[in-house]
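Chemist: The listed protein sequences correspond, in order, to chains Z and F.
Under our numbering, the first residue of the first sequence is numbered 1, with each subsequent residue one higher.
Under our numbering, the first residue of the second sequence is numbered 110, with each subsequent residue one higher.
Ideal Cβ placement from N, Cα and C applies to all residues, glycine included.
Protein chains: 2
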Amino acid sequence: MESNLKYDKHVFICTNQRVNSERPSCGEAHGLELVGAFKKLIKDRGLQINIRAQKAGCIETCELGPSVVVYPEGVFYGKVQLSDVAEIVEEHLINNKPVERLRLRFVKT
Amino acid sequence: MESNLKYDKHVFICTNQRVNSERPSCGEAHGLELVGAFKKLIKDRGLQINIRAQKAGCIETCELGPSVVVYPEGVFYGKVQLSDVAEIVEEHLINNKPVERLRLRFVKT
Chain Z
1 MESNLKYDKH
11 VFICTNQRVN
21 SERPSCGEAH
31 GLELVGAFKK
41 LIKDRGLQIN
51 IRAQKAGCIE
61 TCELGPSVVV
71 YPEGVFYGKV
81 QLSDVAEIVE
91 EHLINNKPVE
101 RLRLRFVKT
Chain F
110 MESNLKYDKH
120 VFICTNQRVN
130 SERPSCGEAH
140 GLELVGAFKK
150 LIKDRGLQIN
160 IRAQKAGCIE
170 TCELGPSVVV
180 YPEGVFYGKV
190 QLSDVAEIVE
200 EHLINNKPVE
210 RLRLRFVKT
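1. Is C62/Z helix, strand or coil by DSSP?
2. At a Cβ cut of 8 Å, what residues of the segment 186-210 of chain F count as close to chain Z, listed as they run along the chain?
3. Roughly how many whole angstroms lie between the Cα atoms of F76/Z and R105/Z?
4. Contact criterion: CB-CB distance below 8 Å. Does K118/F meet it with respect to chain Z?
5. Would you call the CB atoms of K188/F and L211/F closer than 8 Å?
6. Are there three or more Cβ pairs, one per stretch, closer than 8 Å when the segment 46-58 of chain Z is compared with the segment 3-19 of chain Z?
7. Within a Cβ cutoff of 6 Å, which residues of the same chain sit near V196/F, ignoring the five residues on either side of it in sequence?
8. Using the beta-carbon of each residue, which ones in chain F are nearer than 8 Å to P72/Z?
9. Excluding the 5 residues flanking R18/Z on each side, which residues of the same chain have their C-beta closer than 7 Å to its C-beta?
10. Would you list the residues sitting across from A162/F in a DSSP beta bridge?
11. Using the three-state DSSP reduction, which class does V70/Z fall into: helix, strand or coil?
12. Per DSSP, what are the beta-bridge partners of L104/Z in this structure?
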C-alpha cells in the first residue's frame, strides 16, 4: 500500500537548551531522557516501524515545556514528565486517544 | 477559533551528523543552512505565525538525505538543496502543492 505517511505517529520531543536567556527552555537533559523513554516503550511494544519518537529543536511552547508534539494530528503536550510517557504511548500512540490532561490548546487569531 | 493545529505547516529539517559511521547522514552544517533558508523565506513572507520550520534529529531517510518532512500532511522530501527551498516554500507551504520531484514515497508492508 502506498501511503503519504511514513509513520502512523511521529513524535517530536524538544531538547532545546537555552543559555543565558530569561526565557525558559525544555532542556537537553530532560528532553533526551524523554526521547529515550519514548523510544524504549515503542521498541518494547514492537511498534518502531510505524511509530517514531525523536528529538527536535524548539517547538515554541517553551513556557509550557517540556514540550512534545505528535503528528499527523498535531497534538501538543506540555509539562511532560518521564512518568507521563507510558500513558502517552499507550493511550495516544497505540489507542489513538490523546491524553487530555497534558494537552495544549491554541487559539488562532 | 480553537484548533488542534498550532501551525498550518510544520517543517522539520534533519540536522543529524553521524560520526564514524558508514551510514550517511544529512549533516549539521547543511541542515542548519536549510533551516536558516526556510526560516528567512517564511519570515520574509510574514508567515511565521502559522508556518514553522525548525531543526530535528534523524528522520530515518538518511540514504536519501538531506531530509525534510512537512506536517500535518507528512510529506517527506529527499536530497533537498538550498536551491530547492524557495520552491518548497512557495509551492507547498503557501500553495499547498507538494513538490513532486523531491518527494519521497513509502510502501508500507
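Modeler: With the structure as the only source:
1. helix
2. none
3. 7 Å
4. no
5. yes
6. yes
7. According to the sequence as given, residue 196/F is Glu; it is not Val. Contacts found: V208.
8. Y180, P181, E182 and G183
9. S25
10. V120/F
11. strand
12. F76/Z
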